[in-house]
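Colleague:
Number of protein chains: 2
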Amino acid sequence: MEYKEAKDKFISTWGSLGTLWGINKAMAQIQALLFVSIKPLSMEEIMEELKISRGNTSMNLRQLMDWGIVTKHLIPGERKEYFSTEKDVQELARIIAKERSRREIQPVIKILEEVYTIDEDGTENTKELIKQTKALHDLAETADTMLNKVVNQKQNWLTKSLLKMFT
Amino acid sequence: MEYKEAKDKFISTWGSLGTLWGINKAMAQIQALLFVSIKPLSMEEIMEELKISRGNTSMNLRQLMDWGIVTKHLIPGERKEYFSTEKDVQELARIIAKERSRREIQPVIKILEEVYTIDEDGTENTKELIKQTKALHDLAETADTMLNKVVNQKQNWLTKSLLKMFT
DNA sequence: ATAAACTTTCAGTAATTATTGAAAGTTTAA
DNA sequence: TTAAACTTTCAATAATTACTGAAAGTTTAT
Numbered sequence: 002m003e004y005k006e007a008k009d010k011f012i013s014t015w016g017s018l019g020t021l022w023g024i025n026k027a028m029a030q031i032q033a034l035l036f037v038s039i040k041p042l043s044m045e046e047i048m049e050e051l052k053i054s055r056g057n058t059s060m061n062l063r064q065l066m067d068w069g070i071v072t073k074h075l076i077p078g079e080r081k082e083y084f085s086t087e088k089d090v091q092e093l094a095r096i097i098a099k100e101r102s103r104r105e106i107q108p109v110i111k112i113l114e115e116v117y118t119i120d121e122d123g124t125e126n127t128k129e130l131i132k133q134t135k136a137l138h139d140l141a142e143t144a145d146t147m148l149n150k151v152v153n154q155k156q157n158w159l160t161k162s163l164l165k166m167f168t
Numbered sequence: 002m003e004y005k006e007a008k009d010k011f012i013s014t015w016g017s018l019g020t021l022w023g024i025n026k027a028m029a030q031i032q033a034l035l036f037v038s039i040k041p042l043s044m045e046e047i048m049e050e051l052k053i054s055r056g057n058t059s060m061n062l063r064q065l066m067d068w069g070i071v072t073k074h075l076i077p078g079e080r081k082e083y084f085s086t087e088k089d090v091q092e093l094a095r096i097i098a099k100e101r102s103r104r105e106i107q108p109v110i111k112i113l114e115e116v117y118t119i120d121e122d123g124t125e126n127t128k129e130l131i132k133q134t135k136a137l138h139d140l141a142e143t144a145d146t147m148l149n150k151v152v153n154q155k156q157n158w159l160t161k162s163l164l165k166m167f168t
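Protein chains in written order, with the working numbering: chain A, 2 to 168; chain B, 2 to 168.
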């Protein structure tokens with residue numbers, strides 16, 4: 002497999018993986034492209050390489066910056082803006098895990114809390130609803146805590162956690 | 002908040018959460034409904050409660066059974082089929098984690114492997130592609146191993162893992 | 001103040017994904 | 001074997017989500 006083919010394969014795989022967990026194809030592809038690029042790229046270059054429109058590129062770059070995965074670089078004397086992504090996979094994982102916790106897990110935990118604290122009215126149905134949503138709530142909270150702790154150990158956390166966990 | 006309101010809130014929250022990680026709304030809602038129901042439900046009852054069509058219900062129940070989260074019950078003397086979901090949250094988490102690993106993480110790991118084993122041709126670009134996809138591959142593999150190990154300790158794994166990890 | 005070089009916005013459109021509903025299929029009972 | 005009671009399938013359609021491209025906006029230089 003040649004460089005170009007391998008690169009395209011990587012980018013498109015990463016792209017379709019994106020949809021699978023809530024970020025869109027273009028966004029994931031832009032990130033993938035920057036991830037294997039040896040230097041920051043301009044909007045023009047990104048559009049060209051991925052064959053997507055200017056608008057699409059602009060919007061998705063913004064989202065990636067909102068996530069904190071992509072940074073804008075201004076080169077002195079140049080008008081164009083250049084973009085690069087976090088290159089360290091562990092740091093990348095850290096950022097993504099944190100954002101997903103904040104955007105997805107936390108809101109669900111809050112709603113589960115609202116649900117399982119309804120008034121116990123003595124019926125079986127209510128009891129079951131309370132019991133099950135409480136169990137889900139506790140699971141979500143534990144998982145979230147765990148994720149955050151694992152992820153906040155900046156250096157080499159995955160390996161460290163594995164060691165601790167299975168020794 | 003009343004029972005009905007709380008239940009609906011739970012179901013619709015769970016439903017919209019579904020889309021976010023690759024299973025569709027109806028599928029997630031059916032699972033949620035069964036999760037808080039005190040007895041197995043027939044297709045008729047599910048359709049009625051969620052206001053979805055027969056076809057939709059049938060297809061999504063099948064998917065849920067493929068995932069191994071929902072079971073079909075035949076009651077002697079009755080023609081109708083009844084459905085229930087796994088009620089234990091930890092077991093549920095175990096099943097979901099395992100399936101997601103199999104369906105999503107494993108295929109990506111395989112493709113990353115293909116990409117980072119291309120021939121080193123001496124150029125910077127190729128070097129970077131290999132380096133970065135290898136790093137991603139290793140991360141994915143470690144995370145996957147971790148997930149599977151955590152998840153295969155049937156009894157009370159989350160709590161146990163937390164203890165081990167942070168003491 | 002004007003213009004060139006760029007980026008952002010957003011209404012319209014295209015692509016994708018989910019849902020319906022009716023026809024076809026299956027099982028059981030008589 | 002026929003019919004009743006159910007489930008499954010799938011083509012058509014609806015709903016959702018992503019993408020385009022051109023106009024509006026911004027910044028910098030002169």
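Backbone N, C-alpha and C define an ideal beta-carbon position, used for all residues, glycine too.
Where in the stretch 44-91 of chain A do unbroken runs of the beta strand (DSSP E), each at least 3 residues long, occur, reported from the N-terminal end onward?
Modeller: Those beta strand (DSSP E) runs which fall completely within the stretch 44-91 of chain A and span 3+ residues are 71-75 and 82-86.
Colleague: By the 10 Å Cβ neighbour count, where 16 or more other Cβ atoms means buried, how is M28/A classified, buried or exposed?
Modeller: The residue is buried, with at least 16 neighbouring Cβ atoms inside 10 Å.
Colleague: Under 8 Å between the Cβ atoms of A33/B and G56/B?
Modeller: Not closer than 8 Å, so no.
Colleague: Work out the CA separation of I119/A and E46/B for me, nearest whole Å.
Modeller: Approximately 24 Å, taken between the alpha carbons.
Colleague: What does K10/A touch in chain B if you count any residue whose Cβ is under 8 Å from its own?
Modeller: Here the neighbours are I112, E115 and V116.
Colleague: Using a cut-off of 8 Å between C-beta atoms, extract the partners of L42/B located in chain A.
Modeller: What L42/B touches in chain A: nothing, since even the nearest Cβ is about 13 Å away.
Colleague: L62/B versus chain A: which residues are under 7 Å apart at the beta carbon?
Modeller: Within 7 Å Cβ-Cβ: nothing; L62/B doesn't reach chain A, min ~19 Å.
Colleague: Going along the chain, which residues of its own chain have a beta-carbon closer than 8 Å to the beta-carbon of I96/A, five neighbours each way excluded?
Modeller: Cβ within range, chain order: W68, G69, I70 and E87.
Colleague: Let me check understanding here. Comparing Cα to Cα, which of I24/A, S54/A, E92/A and I112/A lies closest to A141/A?
Modeller: Nearest C-alpha to A141/A: I112/A.
Colleague: Nearest chain A C-beta to Q133/B closer than 8 Å, yes or no?
Modeller: So yes, Q133/B belongs to the interface.
Colleague: In angstroms with no decimal places, state the Cα-to-Cα distance between L75/B and R63/B.
Modeller: Spanning the two alpha carbons is a distance of roughly 15 Å.
Colleague: Is it the case that the Cβ atoms of V116/A and F36/B are separated by a distance below 8 Å?
Modeller: No.
Colleague: So within the stretch 116-155 of chain A, which uninterrupted alpha helix (DSSP H) runs reach at least 4 residues, ignoring any that extend past its ends?
Modeller: With a minimum length of 4 residues, the continuous alpha helix (DSSP H) runs that stay inside the stretch 116-155 of chain A are 125-153.
Colleague: Please return the same chain residues whose Cβ sits closer than 8 Å to the Cβ of N25/B, not counting the five positions on each side in sequence.
Modeller: For N25/B, where only same-chain residues beyond five positions count, the Cβ hits under 8 Å are G19 and N61.
Colleague: Here's a check: name, in chain order, each residue in its chain whose Cβ is nearer than 7 Å to the Cβ of L65/B, leaving out the five neighbours to either side.
Modeller: Result list for L65/B: M28, I31, Q32 and V71, in chain order.
Colleague: Which term fits R101/A, buried or exposed, when burial requires 16 or more other beta carbons within 10 angstroms of its beta carbon?
Modeller: It counts as buried.
Colleague: Based on Cα-Cα distance, which residue from Y4/A, D9/A and V151/A lies nearest to E92/A?
Modeller: Cα-wise, what sits closest to E92/A is V151/A.
Colleague: Only counting the same chain, and skipping five residues up and downstream in sequence, which positions put a Cβ closer than 6 Å to that of D145/B?
Modeller: The residues are S102 and I106.
Colleague: Since I39/A and N126/B are thought to touch, with beta carbons under 8 Å apart, how far apart are those beta carbons, to the nearest angstrom?
Modeller: 6 Å between Cβ atoms; contact.
Colleague: Applying the 10 Å Cβ sphere with the 16-neighbour rule, what's the burial state of K8/B?
Modeller: The residue in question, K8/B, is buried, as its Cβ has 16 or more Cβ neighbours within 10 Å.
Colleague: Determine, for F84/B, whether the minimum Cβ-Cβ distance to residues of chain A falls below 8 Å.
Modeller: Output row for F84/B: interface = no.
Colleague: Can you confirm whether I39/B, when its beta carbon is compared against all beta carbons of chain A, has any partner nearer than 8 Å?
Modeller: Yes, contact with chain A.
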